[in-house]
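Numbering (the numbering used here), first residue to last: 77 to 366.
Heads up, the beta-carbon is just placed ideally off N, CA and C, and yes, glycines get one too.
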């Protein structure tokens with residue numbers, strides 16, 4: 077039992093966390109949902125479950141749906157949602173750039189005006205490609221009703237694109253981002269090299285006296301990625317798409333340590349911009365609830 081639970085944790089935790097994060101838009105809440113989903117799996121007869129990953133997604137989605145409905149009944153104020161502001165209530169212009177150009181473009185802030193059911197159906201179907209039949213079991217609606225919910229959600233997202241500049245990331249972009257995260261998290265050097273363009277370049281703004289570091293070439297970029305994001309770094313990587321750009325947020329010990337933007341062309345990563353300045357990342361962490 078423990079071995080099966082451990083295997084499920086290693087194989088499915090990040091995907092379930094990604095689903096919960098997209099639905100809730102709050103990383104702390106998503107972590108709580110994942111913990112609760114695995115706690116329920118531990119109490120279940122895991123040997124009788126054919127697809128532990130699918131089971132966990134269903135449970136986590138239902139937990140997220142309950143939270144979204146509860147939030148609609150008991151909304152927080154903007155200040156509560158963003159956390160404590162700096163002394164004096166002002167936001168530094170540099171921090172505002174970080175907040176506006178990354179967090180504001182993320183899916184959860186665009187979908188905040190949707191109903192809980194619309195948001196759940198949109199995220200599970202349009203982002204993660206789950207079938208309407210399976211989603212209907214989660215939200216308690218027929219597949220036809222789920223299609224209508226998704227259609228309404230798409231219209232709302234399209235109406236917001238001009239203001240928030242958000243679109244669901246292209247399928248190729250999502251595939252590359254998922255493979256990029258999996259290769260980094262698993263320490264798969266060969267897998268990572270196949271995703272990087274031979275002339276890939278990377279820039280990392282670490283702030284302070286160090287400033288910006290620039291690395292070029294597939295081998296040195298891959299080595300640097302595994303050093304900072306590999307399995308020995310104790311880092312959790314999640315996708316954070318921003319319109320047509322692929323974003324990856326890295327967390328370590330519950331804190332945001334890096335926000336990386338991937339430029340993808342013809343199925344390969346050609347450039348990586350990484351922000352690792354802790355001060356400038358603070359608003360991102362606050363907005364994500366960590």
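Item: Which residues does DSSP list as the beta-bridge partners of residue 323?; Value: 337
Item: Who does residue 278 pair with in a DSSP beta bridge?; Value: 291 and 348
Item: Just the C-alpha distance for residue 138 and residue 108, rounded to the nearest angstrom, thanks.; Value: 13 Å
Item: Quick check: the Cα distance between residue 153 and residue 190, rounded to an integer number of angstroms?; Value: Confidence at residue 153 is low in this model, with a pLDDT of 40, below 50, so its placement is unreliable and the value that follows should be read with caution. If you take the alpha carbons of residue 153 and residue 190, they lie about 17 Å apart.
Item: Please classify residue 343 as buried or exposed, where buried requires at least 16 other C-beta atoms within 10 Å of its C-beta.; Value: exposed
Item: Give the range of the alpha helix (DSSP H) segment to which residue 196 is assigned.; Value: 192-198
Item: Out of curiosity, what's the CA-to-CA distance linking residue 360 and residue 327?; Value: 11 Å
Item: Could you spell out where the beta strand (DSSP E) holding residue 314 opens and where it closes?; Value: 311-315
Item: Can you give the beta carbon distance from residue 348 to residue 267, rounded, assuming they're within the 8 Å contact cut?; Value: Not a contact, Cβ separation roughly 16 Å.
Item: Just to confirm before moving on: does the CB-CB distance between residue 117 and residue 214 stay below 8 Å?; Value: no
Item: Give me the Cβ distance between residue 273 and residue 345, rounded to the nearest whole Å; I'm assuming they're in contact under 8 Å.; Value: 6 Å
Item: Quick one: what's residue 331 bridged to in DSSP?; Value: 328
Item: When you compare the CB positions of residue 253 and residue 322, do they come within less than 8 Å of one another, or not?; Value: yes
Item: Using 8 Å as the Cβ pair cut-off and three pairs as the minimum, do the segment 221-228 and the segment 310-317 touch?; Value: no
Item: Can the beta-carbon of residue 103 be found closer than 8 Å to that of residue 143?; Value: no
Item: Would you report the Cα separation of residue 303 and residue 262, rounded to the nearest angstrom?; Value: 12 Å
Item: Under the DSSP definition of a beta bridge, which residues are partnered with residue 272?; Value: 345
Item: Is it right to say residue 292 is buried, meaning 16 or more other beta carbons lie within 10 angstroms of its own, or is it exposed?; Value: exposed
Item: Tell me the rounded alpha-carbon separation between residue 335 and residue 204.; Value: 22 Å
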